[in-house]
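Q:
Numbering (my numbering), first residue to last: 19 to 632.
(1) Can you name the residues that DSSP bridges to residue 26?
(2) If you drop the 5 nearest sequence neighbours on each side, which residues of the same chain put their C-beta closer than 7 Å to that of residue 612?
(3) What beta strand (DSSP E) runs, 3 residues minimum, are completely inside the stretch 486-532?
(4) Who are residue 245's beta bridge partners in DSSP?
(5) Quick one: grab the DSSP three-state call for residue 141.
(6) Determine the extent of the beta strand (DSSP E) in which residue 219 is found, giving its start and end residues.
(7) Reducing DSSP to helix, strand and coil, say where residue 482 ends up.
(8) Please state the DSSP three-state secondary structure of residue 537.
(9) Measure the CB-CB distance between residue 244 and residue 302 and report whether it falls below 7 Å.
(10) Under a three-way DSSP split, which group does residue 400 fall into?
(11) Relative to the alpha-carbon of residue 601, which residue among 240, 584, 37 has its alpha-carbon at the smallest distance?
(12) Kindly indicate which three-state DSSP category residue 275 falls into: helix, strand or coil?
(13) May I have the straight-line CA-CA distance separating residue 509 from residue 316, to the nearest angstrom?
(14) Given a threshold of 16 other Cβ atoms within 10 Å of its Cβ, counted over all protein chains shown, does residue 224 qualify as buried or as exposed?
(15) Taking the alpha helix (DSSP H) that residue 161 belongs to, which residues open and close that run?
(16) Can you name the start and end residues of the beta strand (DSSP E) that residue 229 belongs to?
(17) From residue 459 to residue 94, what distance separates their C-alpha atoms?
(18) Have a look at residue 65 and residue 36 and give me their C-alpha separation to the nearest angstrom.
(19) Just grab the DSSP bridge partners of residue 123 for me.
(20) In whole angstroms, what is the alpha-carbon distance linking residue 396 and residue 359?
(21) Quick one: measure Cβ to Cβ for residue 296 and residue 247, integer angstroms, because I've assumed they're closer than 8 Å.
(22) Could you tell me the distance, in whole angstroms, from the CA atom of residue 402 to the CA atom of residue 418?
(23) Which residues mark the beginning and the end of the alpha helix (DSSP H) in which residue 572 is found?
(24) Is DSSP giving residue 369 helix, strand or coil here?
(25) In three-state terms, what does DSSP make of residue 452?
(26) Smallest Cα separation from residue 197: which of 23, 540, 456, 124?
(27) Excluding sequence positions up to five away, which residues of its chain have a Cβ less than 6 Å from the Cβ of residue 574?
(28) When the distance is taken between beta carbons, is residue 237 closer than 7 Å to residue 270?
(29) Pairs of beta-carbons, one from the stretch 79-95 and one from the stretch 38-48, closer than 8 Å: are there three or more?
(30) State the Cα-Cα distance for the pair residue 432 and residue 480, rounded to the nearest angstrom.
(31) With 16 other CB atoms within 10 Å as the buried threshold, where does residue 538 fall?
(32) For residue 319, which of helix, strand or coil comes out of DSSP?
(33) Spatial neighbours of residue 202 within its chain, please: C-beta separation below 7 Å, excluding the five flanking residues on both sides.
(34) So is residue 361 buried or exposed if we call it buried at 16+ other beta carbons inside 10 Å?
(35) Ends of the beta strand (DSSP E) at residue 568?
Have a look at this one:
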């Protein structure tokens with residue numbers, strides 16, 4: 019197809035603002051969905067987890083055939099992106115393959131934290147942004163107010179904002195017409211050597227690694243040898259095609275088109291997202307810029323419950339890492355849990371998704387330890403080390419100082435909740451940065467119906483990552499009755515008074531239960547953790563002491579009381595010395611049990627760290 023009739027665009031929005039439903043309407047509007055598939059909602063959300071959780075996890079690509087009013091045919095390449103902050107790296111990859119973006123904003127909730135973050139990323143990529151106010155059919159919708167918000171905050175004119183209801187299909191035709199009219203056709207050199215950007219990839223048992231590509235220069239053709247520039251690898255294209263959203267084979271992909279290349283590679287680590295694909299016989303002089311590498315923020319230990327599953331777990335992690343650039347892992351051994359892997363994730367949702375995918379898709383039983391962040395430790399000998407596992411922290415005598423990561427967080431909520439948000443953040447060592455209202459004063463003066471307390475405000479704070487890691491988002495939602503939204507990004511590292519909190523079970527330190535905490539909170543957290551563990555660790559035939567220690571000093575203790583068998587059940591009366599003899603024998607037996615006993619710790623105990631009450 020003529021390059022001037024190709025449009026590459028994506029949909030960006032805050033979570034649950036209707037991206038995937040709008041993508042369904044596009045598929046219907048362009049005739050890609052037949053009646054048999056109309057019964058399935060969120061067609062592009064093909065993973066079971068995506069359907070269950072109602073969130074998009076992977077960016078999806080699809081080619082839409084479109085005819086304008088004059089009958090001119092266009093090729094629209096749509097990439098549906100995730101909205102959750104944990105998967106923002108998927109959004110950045112999708113944006114790099116597009117020239118335009120549809121910005122979807124909920125007509126009830128208005129602009130949220132991720133909306134603003136996504137707009138900035140789209141602007142950095144010089145994309146044409148088409149603003150759409152979605153869900154105008156809902157009873158509580160305020161299309162006019164939200165349109166005004168978009169104009170005030172982002173700077174659009176009122177006539178540029180389109181109104182739509184993805185559920186009912188209202189406004190879909192107008193949005194597609196706007197894409198054709200406003201989004202520029204792709205650039206690139208049609209006659210130059212091939213350069214195609216790998217923006218995603220997946221593993222297929224029959225075709226090997228399938229690379230999702232956007233052709234920037236030249237063309238991909240069947241029968242031509244291909245060269246992966248960063249990996250310095252030559253291969254043959256087994257199959258070339260595009261998405262409808264199923265894989266449809268074709269003869270080749272021209273400049274500006276989006277599609278896939280089946281490489282036949284069996285080593286999942288060779289096809290990196292962000293790499294450049296070029297012609298083996300006529301290679302390009304330099305590679306495309308690619309992507310900024312996604313940096314894991316949260317680290318946790320993954321251990322198979324069966325020692326024989328260590329090999330299958332390694333294979334499963336390698337396959338997952340192929341199309342999940344933010345997942346990192348390396349082998350580690352725990353004294354308590356045996357061999358496993360230290361894995362890096364973007365956030366807790368990302369960690370939960372990876373664990374569920376490993377258990378479902380690869381049939382593994384896993385035990386996951388409490389999450390930690392990356393600390394920079396300066397030792398007394400001048401050496402600086404980076405640790406992501408509390409067990410790796412050197413003894414206190416060797417540590418000069420510990421620096422922890424701080425985040426810049428943006429919270430959008432109605433102004434009546436400012437006090438509650440401020441109390442929550444300052445209680446977790448947060449520092450106030452700035453505050454601004456998301457609607458201009460003039461607009462509020464014009465709208466007499468707008469009550470004080472309904473105005474939306476953007477609050478920005480600096481806060482340690484370890485403090486927002488676990489239940490911060492849940493508490494934020496609870497305190498604001500579900501109205502607040504959150505976005506975060508790494509700010510800097512800052513030295514703090516941090517200590518390692520060790521947990522000892524039956525006198526033995528359990529490395530997988532240790533955590534790094536602020537010195538002001540060490541004693542409180544230690545007490546809470548041992549209380550929780552006392553309820554979770556099953557009773558043995560002997561007393562099991564559970565202790566929390568900071569630098570060798572015990573700060574809290576609980577005891578799991580021994581099970582007591584009734585050895586006197588068969589004694590009906592008789593001499594009391596007989597009963598004493600039986601009790602003494604039981605006592606001796608329990609002492610022996612204590613020497614050789616092995617305490618089993620359940621999965622819930624390792625996750626108890628997550629549920630420490632603040």
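Ideal placement from N, C-alpha and C gives every residue a C-beta, glycine not left out.
A: According to the data block:
(1) 95
(2) Only weak support is given to the placement of residue 612: the predicted model assigns it a pLDDT of 47, under 50, and the value that follows is read from those uncertain coordinates. Apart from sequence neighbours up to five positions away, the residues of its chain that approach residue 612 with a beta-carbon distance below 7 Å are 560, ordered along the chain.
(3) 503-514, 516-523
(4) 252, 296
(5) helix
(6) 213-222
(7) strand
(8) In the structure shown, residue 537 sits in coil (DSSP, three-state: anything other than H, G, I, E or B).
(9) no
(10) coil
(11) Taking residue 601 as reference, the option from 240, 584, 37 with the minimal CA-CA separation is 584.
(12) Correct three-state label for residue 275: coil.
(13) 15 Å
(14) Classification of residue 224: exposed, given that the 10 Å Cβ count is below 16.
(15) Here the alpha helix (DSSP H) through residue 161 covers 161-171.
(16) 226-235
(17) Low per-residue confidence applies at residue 459: pLDDT is 42, beneath 50, and the placement is therefore not dependable enough to give any value.
(18) Unreliable positioning characterises residue 65 in this predicted model, as indicated by a pLDDT of 47, which lies under 50. A coordinate reading is not provided.
(19) 151
(20) 25 Å
(21) Contact between residue 296 and residue 247 holds, with the beta-carbon distance rounding to 6 Å and staying under 8 Å.
(22) For residue 402 and residue 418, the distance between alpha carbons rounds to 10 Å.
(23) Element bounds for residue 572: not the alpha helix (DSSP H) but the beta strand (DSSP E), 571-578.
(24) helix
(25) strand
(26) 23
(27) 544, 545, 548, 566
(28) yes
(29) yes
(30) Each residue's alpha carbon lies about 20 Å from the other.
(31) exposed
(32) strand
(33) 117, 146
(34) buried
(35) 562-568
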